[in-house]
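**Student:**
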Amino acid sequence: MTPTTPVRRELLLAGGGHAHLGVLRDLVRHGVPPGLRVTLLAREAAAIYSGMLPGLIAGRFTVDDCLVDLPRLVRAAGARFIRAEACGLDRDAQHLLLAGDRPPMRYDLLSLNLGAEPVLVPGAAEHALPLRPFGRFLPRWEALLAQVAKASRPLRLLVVGAGAAGVEVALALHRRLGPRAAIGLLATGGEVLPSNSPAARRLAHRALIRAGIALHGGEAARVEPGTVLCAEGGRLEFDAALWATGAAPAPWFRDAGLALCPRGFLAVDATLRSIGDARVFAAGDCATVLEHPRERAGVFAVRQGPPLAANLRRVLAGEPPRPFRPQRRYLALVTSGADRAMAFHGSLAAEGGWALRLKDRIDRRWIAMHAAMRPMARRPAPVDPAPMRCGGCGAKLPPAVLARVLARLPRGGAVPLGLAAPDDAALLRPPGAGQLMVQTVDMFRAFVDDPWLFGRIAANHALGDLAAMGATPRAALAIAALPPAAEAVLEADLLAMLRGAQDVLAAAGAELVGGHSAEGLEPMLGFALTGEVTEGRALRRADLRPGDVLVLTKGLGTGALLAAAMQGGGRAAWTEAAYEAMQRTPFPAARILGAHGATACTDVTGFGLLNHLAEMLEASGVAAALDPHAVPALAGAAEVLAAGARSTLHPANAAAAGPRLGGGWAAVPPAQLGLLLDPQTAGGLLAGVPAAAAADCLAALRRCGNPDAAAIGVVRPGLPGISPEPGAGG
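First residue of the sequence shown: 972, per this note's numbering; consecutive thereafter.
#1: Pull up the distance between the alpha-carbon of Arg1375 and that of Glu1458, whole angstroms please.
#2: Can you round the beta-carbon distance between Ala1549 and Leu1605 to whole angstroms, since I take them to be within the 8 Å contact cut?
#3: Considering Cα atoms alone, identify which of Ala1614, Gly1579 and Pro1387 is closest to Ala1623.
#4: Applying the 10 Å Cβ sphere with the 16-neighbour rule, what's the burial state of Lys1121?
#5: For Leu1646 versus Ala1609, is the C-beta spacing smaller than 9 Å?
#6: Consider the C-beta atom of Ala1601 and the heavy atoms of the ligand FAD; say whether any pair is separated by less than 8 Å.
#7: Take Ala1536 and list the residues in its own chain whose beta-carbon comes closer than 6 Å to its own, dropping the five residues that flank it on each side.
#8: Note down, in chain order, each residue of its chain lying with its Cβ closer than 6 Å to the Cβ of Ala1452, except the 5 sequence neighbours on either side.
#9: Hey, how far is the Cα of Pro1104 from the Cα of Glu1088?
#10: Please go through the same chain and pick out, in chain order, the residues whose beta-carbon is closer than 6 Å to the beta-carbon of Ala1438, but skip the five residues on each side of it.
#11: Three or more beta-carbon pairs under 8 Å between the stretch 1511–1528 and the stretch 1595–1602, yes or no?
#12: To test your reading of the DSSP string, which unbroken beta strand (DSSP E) runs of 3 or more residues are found completely within the stretch 1481–1538?
#13: Assuming Ala1050 and Leu998 make a contact with CB atoms under 8 Å, what is their CB distance in whole Å?
#14: How many angstroms separate the CA atom of Asp1256 from the CA atom of Val1003?
#15: What do you get for Asp1040, buried or exposed, if any count of 16 or more other CB atoms within 10 angstroms of its CB means buried?
#16: From Leu1500, Trp1636 and Arg979, pick the residue whose C-alpha is nearest to that of Arg1077; which is it?
#17: Is there contact here, the stretch 1266–1282 with the stretch 1096–1114, by at least three beta-carbon pairs under 8 Å?
#18: So what does DSSP say about Ile949, is it helix, strand or coil?
#19: Grab the span of the beta strand (DSSP E) containing Gly1026 for me, first residue to last.
#20: In the DSSP assignment, find the beta strand (DSSP E) that holds Ile1154 and state where it starts and stops.
#21: On the CB-based measure, 16 or more other CB atoms within 10 Å of its CB, does Ala1430 come out buried or exposed?
#22: Where Ala1253 and Asn1282 are concerned, what is the direct C-alpha to C-alpha distance, given to the nearest angstrom?
#23: Select from Ala1566, His1567 and Met1553 the residue whose C-alpha is nearest the C-alpha of Asp1574.
#24: Given 8 Å as the limit, is there contact between the stretch 1122–1139 and the stretch 1207–1222, that is, 3 or more CB pairs closer than that?
#25: Is Ile1184 closer than 9 Å to Leu1243 when the C-beta atoms are compared?
#26: Between which two residues does the alpha helix (DSSP H) harbouring Cys1668 extend?
#27: Give a yes or no on contact between the stretch 1053–1060 and the stretch 1005–1014, applying the rule of three or more CB pairs nearer than 8 Å.
#28: Under a three-way DSSP split, which group does Gln1651 fall into?
#29: Specify the secondary structure class of Phe1295 as computed by DSSP and reduced to three states.
#30: Give me the Cα-Cα distance between Ala1017 and Leu1588, rounded to the nearest whole angstrom.
#31: Determine the closest residue to Glu1503 out of Val1138, Leu1164 and Leu1434, with distance taken between C-alpha atoms.
#32: In its own chain, which residues sit with a C-beta less than 6 Å from the C-beta of Pro974, not counting the 5 before and 5 after it?
#33: Can the beta-carbon of Glu1097 be found closer than 9 Å to that of Val1194?
#34: Buried or exposed: Glu1266, going by 16 or more other Cβ atoms within 10 Å of its Cβ?
#35: Is the CB-CB distance between Pro1042 and Asp1464 below 9 Å?
#36: Looking at the strands, I want to know which residues DSSP matches up with Phe1315.
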């Protein structure tokens, strides 16, 4: 998001739960107030609609059917999306602490909608399959399906927990697996649906009997491999156990300094504001409304969305929040068969096809409502009343901001003078005897909301030039630009960018020794890098030889995937996979290429594969045959290219490549050709490897974290040019 007025305050929405989806819908409809920056922080980029999880298990829905694409919804709301996990709170500093090596996120107003953790007994996390969080459940569920498919006998599946979720999951397993699984349900005291009416329990019992699901009475006390040990002394053997017990608060709540209810959840008043901290709100399963305690069900989180959004707006406008009274009863719909569902409301219970049709309509409408969200046309934001911003050195970031950021960055010590003792310039030692100094520079504007992630990718992209030459990085100077904002906002963003970059640089052996910062219309980050290489050992573009196999270490498609995401297309999983690829360091691949006798190398970046290969051919005075089918693509790249997604640099790349292409390219499908022209950010290395070493080189690359490494062509004698040839390169 590029704000039209400087950011002065920050609203941080931590968690992608149902209540925060309501806040985002409100922002889509009414817009973000001028001067406010809204950030959604979530552990996963896609939020599952919890009511559809049993349908996914049953095979009624695909994964995509059940997910809300959070970055797409956030973009429609005019907010930022950051994928990270909260792990603590510093109330005095107004910082939300994040897991991993990430710096904290600041806030002026914080809303927590983090869901709940499963109630686990010892061994359950290691030997059972908890239903939440969904991002961890899904790969293990898919592995279980594969295990069932390969099994020579019916597998013993045990569902632990006999509330509505446990009952529905057990019935869903029966529908999906049928005779391939023997399903059991472990219920404390042997009773299902303990929070529901007797009529509901009778219906559920009949549904379980009809499906042949064995009901076991007991309370799980411990899980060992293949066995649940019950508190009463019993043992239940299983091949897989699905954990569907109740909700527990996040462990870090205990040390957050916020008021808690007796069970350890966040205590809030009827306005959904934290008891004792007016800057914090909470909703959904992570919170308890002390005046109106309710069970932890998705319907209550959904209903909290509109009042939460309204109260956040009121507080930001300097008005008091208003209390909200939730409903006492609600309609619960539990799928009980291929053509029916159970409906519970208070003391009433019924079952039939009508209930399944109603549930299906509600579920699909929820997902469709969020998928259809698009930014709404609004009046232009008011012009910032602050004086016109200066240029020159008057556009530098404030000295106090720089001082605080530098004080929070880790200090290196490998250079004589750097961040440990800042001066007008850094002092570096010259390379040793037989070493040459290597220098390069790279810079681009932000394409991702997360400044920490942007810093990591920007550093990795800049390092690609040194990796391609076989050089070792030693020092880096950063050039950073940020839009005008309150000093606290500038400090947080600059720190996040530089910390992300510094981690990548340090892992590659480079020390961040200084840099320059300035105001800009949007975030930008670049690096001037200094490295060294043994004289006579530098890999250059100009040394390709006929017979060399062309090896590419990473899949292509970052440009098209990012373009699709900006246009509201693609899938969150595809974009996240592209971000992961862009963070993959090139140095292990560079070392493997060198060890296998690579003759020439370059990194594939903004000009696309065809143009970077053409530069190598022109410098070497040779031609190449390229197999378009062998070129690896990142997940989703082929789909978004086929749908017409193209980077803004794509037409220029196509124009530059045209004269360099030989005959036969007219037969290559447009989407496939588009992949070869797609501009890459932090792309892979393209190298010529002697044919005798190519197979071993590829095997080594794949072993060291480059699963999509591929032989894509072969160097031929002749005038520089690229011809398509199926099977070229082996």
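No residue lacks a Cβ here, since even glycine has one placed at the ideal position from N, Cα and C.
**Tutor:** Let me spell this out:
#1: Arg1375 and Glu1458 have their C-alpha atoms some 10 Å from each other.
#2: Here Ala1549 really is in contact with Leu1605; their C-beta atoms are around 5 Å apart, less than 8 Å.
#3: Considering only alpha carbons, the answer is Gly1579.
#4: The residue is exposed, with fewer than 16 neighbouring Cβ atoms inside 10 Å.
#5: With respect to Ala1609, Leu1646 sits close: the two C-beta atoms are nearer than 9 Å.
#6: With respect to small molecules bound, the structure shown includes none, and the ligand FAD cannot be examined in it.
#7: Closer than 6 Å at Cβ, skipping near neighbours: Thr1546.
#8: Taking C-beta separations shorter than 6 Å and ignoring five residues to either side along the sequence, the partners of Ala1452 in its chain run Ala1489, Gly1491 and Met1495, following chain order.
#9: For Pro1104 and Glu1088, the distance between alpha carbons rounds to 7 Å.
#10: Excluding sequence positions up to five before and after Ala1438, its CB lies within less than 6 Å of the CB of Pro1557, Phe1558 and Ala1561, all in the same chain and listed in chain order.
#11: The stretch 1511–1528 vs the stretch 1595–1602: in contact.
#12: Counting only runs of 3+ residues, the beta strand (DSSP E) found wholly inside the stretch 1481–1538 occupies 1482–1490, 1495–1505 and 1520–1523, in chain order.
#13: Indeed they touch by this definition, with Cβ atoms about 6 Å apart.
#14: Linking Asp1256 to Val1003 through their CA atoms gives a straight-line distance of about 26 Å.
#15: It is buried - the Cβ of Asp1040 has at least 16 other Cβ atoms within 10 Å.
#16: Its Cα nearest to that of Arg1077, the residue Arg979 stands out among Leu1500, Trp1636 and Arg979.
#17: With the cut-off at 8 Å, the stretch 1266–1282 and the stretch 1096–1114 do not touch.
#18: Any property of residue 949 remains undetermined from this structure, which presents the chain solely from 972 to 1701.
#19: Secondary structure note for Gly1026: it is in no beta strand (DSSP E), and the uninterrupted alpha helix (DSSP H) holding it is Leu1024 to Ala1029.
#20: From DSSP, the beta strand (DSSP E) with Ile1154 extends over Ala1152 to Ala1158.
#21: The residue in question, Ala1430, is buried, as its Cβ has 16 or more Cβ neighbours within 10 Å.
#22: Looking at the two C-alpha atoms, the distance is approximately 11 Å.
#23: For Asp1574, the nearest C-alpha among the options comes from Met1553.
#24: The count of Cβ pairs closer than 8 Å, one atom from the stretch 1122–1139 and one from the stretch 1207–1222, reaches three, so the stretches are in contact.
#25: No.
#26: Annotation for Cys1668: the continuous alpha helix (DSSP H) segment containing it runs Ala1662 to Arg1674.
#27: Yes, they touch.
#28: Three-state DSSP puts Gln1651 in coil, outside helix and strand.
#29: Here Phe1295 sits in coil by DSSP.
#30: Each residue's Cα considered, the two are about 43 Å apart.
#31: Of the listed residues, the one whose Cα sits closest to Glu1503 is Leu1434.
#32: Reliability of the predicted coordinates at Pro974 is poor, the pLDDT of 46 falling under 50, and the value obtained from them is presented with this limitation in mind. Cβ within range, chain order: n/a, list empty.
#33: The criterion of a C-beta distance shorter than 9 Å is satisfied by Glu1097 and Val1194.
#34: Label assigned to Glu1266: exposed.
#35: No, these two residues do not count as a Cβ contact at 9 Å.
#36: Beta-bridge partners of Phe1315 (DSSP): Ala1303 and Ala1320.
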